[in-house]
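In what follows, a structure is listed as structure tokens, so that the remarks can point back to it.
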Amino acid sequence: MRKPFARNLLVSGAIALASFTVGTVAIAAGGTEHPPHRHWHFQGPFGTFDRAAAQRGFQVYQEVCAACHSLSLVAYRNLTELGLTENQVKGLIKDITVTDLNDEGAPVDRPARPSDRFKKPFPNQAAAAAANNGKAPPDLSVIVKAREYGPDYIYGILTGYVPYDKLTPAQIKEFDVKKDDNFNKYFPGHKIAMAPPLSDDKVTYADGTKATLDQEAADVTEFLAWASEPHMEDRKRTGVRVILFLIALAGMMYAVKRMVWADKH
Numbered sequence: 001m002r003k004p005f006a007r008n009l010l011v012s013g014a015i016a017l018a019s020f021t022v023g024t025v026a027i028a029a030g031g032t033e034h035p036p037h038r039h040w041h042f043q044g045p046f047g048t049f050d051r052a053a054a055q056r057g058f059q060v061y062q063e064v065c066a067a068c069h070s071l072s073l074v075a076y077r078n079l080t081e082l083g084l085t086e087n088q089v090k091g092l093i094k095d096i097t098v099t100d101l102n103d104e105g106a107p108v109d110r111p112a113r114p115s116d117r118f119k120k121p122f123p124n125q126a127a128a129a130a131a132n133n134g135k136a137p138p139d140l141s142v143i144v145k146a147r148e149y150g151p152d153y154i155y156g157i158l159t160g161y162v163p164y165d166k167l168t169p170a171q172i173k174e175f176d177v178k179k180d181d182n183f184n185k186y187f188p189g190h191k192i193a194m195a196p197p198l199s200d201d202k203v204t205y206a207d208g209t210k211a212t213l214d215q216e217a218a219d220v221t222e223f224l225a226w227a228s229e230p231h232m233e234d235r236k237r238t239g240v241r242v243i244l245f246l247i248a249l250a251g252m253m254y255a256v257k258r259m260v261w262a263d264k265h
């Protein structure tokens, strides 16, 4: 009775393995490379944000990305969690005006406050699409959490552009790449609407760090990871405390159990 069952189990396993292998080959044949994996300071159960890198990343976002991409779920005052002082935050927003409602409910412009969320670069999605060849740039508030491969994907996209003259004839033919197209080896389909946003010396870092393409991409990814989950460190600290408490409680309960049942054995 057991032999047919074992044989069927082996056949089913072989079919499943073959299907998985074929699927894997199909993914590889699609031509989209997986972004390179990097060690990120904030990953792992004890990971924390690199404040210096995140501050540099905010500078990259502010000087390069903010012209097109919104960060609508983050308030200006949240920047104090990155190490900026309240006066620095107020200095950053002193020339920014936001639309609000007065006491009569009419729209008015007023100076931005630290409690306001980052001002959007466009008044609405239609205006954003119209200014970007019909495609509105995505909001970056939770982009690291929303994309497969997370921070590796963001870093990969920022560093994965390949100039037209560096492409092989096979790539040009297979993906129908024109000279004016932006080819990115980590973007699905490879042709991406966004032109390469970063390059060496695109910004001049306030702390004197050399602004290479890789450095800028890594820093802005660190900042966007923080923006996606600014309370991550508190969550991890709470989790560690809870685990330590449960371990201590389990030890205490075991000791009580031994005490109560000691004379029963």
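Per the UniProt record's numbering, the sequence shown starts with residue 1, numbered consecutively.
Beta carbons are placed, not taken as given, at the ideal position from N, Cα and C, and that holds for glycine.
If you're wondering where the values come from, they're calculated on a predicted model, not measured in any experiment.
Have a look at the DSSP bridge pairing and note the partners of residue 191. 183
Can you tell me whether residue 88 is buried or exposed, with buried defined as 16 or more other CB within 10 angstroms of its CB? exposed
Could you tell me the distance, in whole angstroms, from the CA atom of residue 78 to the CA atom of residue 199? 28 Å
If you follow the beta strand (DSSP E) that residue 97 is in, where does it begin and where does it stop? 97-101
What does a CB cutoff of less than 7 Å around residue 30 pick up in its chain, not counting 5 residues either side in sequence? Note that residue 30 scores 47 on pLDDT, short of 50, meaning its location in the model is unreliable; the coordinates nonetheless yield the value given after this. Hits under 7 Å: none found.
What do you get for residue 220, buried or exposed, if any count of 16 or more other CB atoms within 10 angstroms of its CB means buried? buried
Can the beta-carbon of residue 172 be found closer than 7 Å to that of residue 184? no
Among 68, 136, 144, which residue has its Cα nearest to the Cα of residue 155? 144
Applying the criterion that 16 or more other CB atoms from any shown protein chain within 10 Å of the CB defines a buried residue, is residue 85 buried or exposed? exposed
Proximal residues to residue 266 (C-beta, below 6 Å), its chain only, five neighbours per side dropped: Any property of residue 266 remains undetermined from this structure, which presents the chain solely from 1 to 265.
Cα-Cα separation, residue 159 to residue 213: 7 Å
Using 10 angstroms around the beta-carbon of residue 56, count the other beta-carbons present and answer buried if the total reaches 16, otherwise exposed. buried
So, at 8 Å on beta carbons, what are the nonlocal neighbours of residue 177 in its own chain, with the 5 sequence-adjacent residues on each side left out? 164, 167, 171, 183, 190, 191
Nearest CA to the CA of residue 274: which residue from 258, 68, 218, 81? In the structure displayed, the chain extends from 1 to 265; residue 274 sits before or after that span and is not available.
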